[in-house]
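A short worksheet on the structure shown next.
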Amino acid sequence: MSELLADDPEWADVVPIRQYEDVNPIAPIFYSEEYKDATDYFRGVLKTGEMSPRVLRLTERIIRMNPAHYTAWQHRYKTVIALKIPLEQELELMNEIATTFLKTYQVWHHRRLLLTALNSIDAAARELEFLKTVLRADAKNYHTWSFRQWILAHFNKEGRLWAGERAYIEDLLEQDVRNNSAWHHRFFVVFASGVRLGDEDRDQVLRRELSFAKEKIALAPNNSSAWNYLRGTLEHTNTPFSALAVFVEPYTTSQPPSRGTDDVVDLDNPPPSAGAQLPATPALEFMADIYEQEGGNATGKAVEIWKSLANEKDVMRKKYWEYRIRNALSNA
């Protein structure tokens with residue numbers, strides 16, 4: 000039995016429109032017969048403006064073959080609204096498509112439109128839980144993280160949506176301390192969302208975030224994500240890099256200072272973990288920036304670090320380090 004709409008009596012009243020009607024393209028795209036059939040009939044209903052249950056079925060058929068078909072998504076949304084389909088029902092129906100095609104932008108844009116139309120805090124909360132499921136499949140998918148941040152920003156005044164975000168991120172970083180997407184989201188939650196209840200004391204927040212980043216750096220000293228978070232925190236709060244010189248210095252040496260069993264542990268400046276690969280390239284870069292900001296005679300120390308990075312520690316970015324050297328010397 001054929002699955003083509005051309006053989007389905009339900010579609011006999013629709014005049015299909017071919018993509019290349021009366022045209023002989025030089026380089027036509029070779030679509031499957033099923034896809035050409037579905038899109039021919041889709042162009043037919045677009046021409047008449049039909050919005051009906053069968054159009055919903057048709058758009059789903061096309062989306063499953065080509066989830067990036069923007070026009071199919073757009074007409075589906077218009078049809079859902081026109082038919083007054085329960086929007087939460089549409090979200091549920093699209094869950095399987097979202098998890099199958101999670102790297103497709105149109106999937107998440109459709110959900111954004113539905114949530115905007117719903118304007119429901121309960122629906123937004125359920126969507127955040129759904130996204131946790133999606134992120135378990137791919138913890139670094141840009142579209143998923145972008146959509147999660149949109150939900151939080153759109154319902155910015157709803158504290159209960161934000162309540163568990165920091166704890167959620169900490170769980171993800173426990174699983175993978177190098178998850179740059181999770182680090183980025185933490186910065187969004189802590190700094191980019193405005194002051195939330197309980198975070199009014201910004202000095203306390205700064206101390207907490209510096210402590211968190213230091214702890215993660217100690218676990219994996221060459222993890223650029225944690226170092227970038229540290230930098231971002233300092234820059235956002237206008238805190239000089241030199242404030243962390245005591246913490247950074249042990250990460251710039253080949254061997255961390257030896258400690259006896261009776262030595263007092265500095266909780267504010269956790270040392271590199273046992274067996275860490277030192278010196279850590281991000282730490283050397285950080286220390287060079289401290290020297291550059293200090294200026295004067297310290298510029299020479301920064302230049303020496305950049306030379307070691309260019310010629311030994313980070314040869315991949317040799318041209319960049321040479322640029323930093325030229326720039327610093329020209330401004331000295």
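Going by numbering that gives the first Met the number 0, the letters in the sequence shown line up with residues 0 to 331, in that order.
Virtual Cβ for every residue (Gly too), placed ideally from N, Cα, C.
This structure is a prediction, so every number in the text was calculated from the model and none was measured.
- The three-state secondary structure of residue 277, taken from DSSP, is coil.
- Taking a C-beta distance under 9 Å as the contact criterion, residue 301 and residue 275 do not qualify as a contact pair.
- Distance from the CA atom of residue 207 to the CA atom of residue 235, rounded to whole angstroms, is 14 Å.
- Here the alpha carbons of residue 50 and residue 60 stand approximately 15 Å from one another.
- Excluding five sequence positions before and after residue 55, the CB atoms of its chain that fall closer than 8 Å to its own CB belong to 75, 78, 79, 82, 84, given in chain order.
- Annotation for residue 305: the continuous alpha helix (DSSP H) segment containing it runs 297-307.
- Apart from the 5 residues on each side of it in sequence, residue 242 sits with its Cβ closer than 8 Å to the Cβ of 233 in its chain, given in chain order.
- Fully contained in the region 197-233 is no beta strand (DSSP E) run of length 3 or more.
- With contacts defined by Cβ atoms closer than 9 Å, residue 217 and residue 281 do not form a contacting pair.
- Pairing residue 201 with residue 149 gives a Cβ-Cβ distance that is not under 9 Å.
- The alpha-carbon of residue 228 is positioned some 23 Å away from that of residue 155.
- For residue 121, the enclosing alpha helix (DSSP H) stretches over residues 120-136.
- The beta strand (DSSP E) runs of length 3 or more contained entirely in the region 144-183 do not exist; there are none.
- Residue 245 counts as exposed, since fewer than 16 other C-beta atoms from the protein chains shown sit within 10 angstroms of its C-beta.
- Counting along the chain, residue 108 sits inside the alpha helix (DSSP H) bounded by residues 104-117.
- With fewer than 16 other CB atoms across the displayed protein chains lying within 10 angstroms of its CB, residue 67 is exposed.
- Boundaries cannot be given for residue 238, as no alpha helix (DSSP H) includes it and DSSP labels it neither H nor E.
- The beta-carbon distance between residue 181 and residue 168, rounded to whole angstroms, is 5 Å. This is short enough to meet the 8 Å contact definition.
- 9 Å or more divides the Cβ of residue 239 from the Cβ of residue 277.
- The beta-carbon distance between residue 291 and residue 308, rounded to whole angstroms, is 13 Å. This is too long to meet the 8 Å contact definition.
- Counting along the chain, residue 246 sits inside the alpha helix (DSSP H) bounded by residues 244-247.
- Setting aside the 5 residues that flank it on each side, residue 109 is surrounded in the same chain by 72, 75, 76, 93, each with a C-beta closer than 8 Å to its C-beta; the list follows chain order.
- Residue 205 holds the alpha-carbon nearest to the alpha-carbon of residue 230 among 205, 173, 36.
- Between the alpha carbons of residue 266 and residue 213 lies a distance of about 10 Å.
- The DSSP-derived three-state label of residue 68 is coil.
- Within the region 20-57, the complete alpha helix (DSSP H) runs of at least 4 residues fall at 32-47.
- Inclusion of residue 310 and residue 318 in the CB contact set at 9 Å is not warranted, their separation being larger than that value.
- Secondary structure of residue 270 (DSSP, three-state): coil.
- Taking the CA atoms as reference points, residue 86 sits about 8 Å from residue 114.
- Cβ neighbours of residue 237 within its own chain (closer than 7 Å, five residues either side excluded): none.
- Out of 124, 251, 24, 192, the CA that lies nearest to the CA of residue 160 is found in 124.
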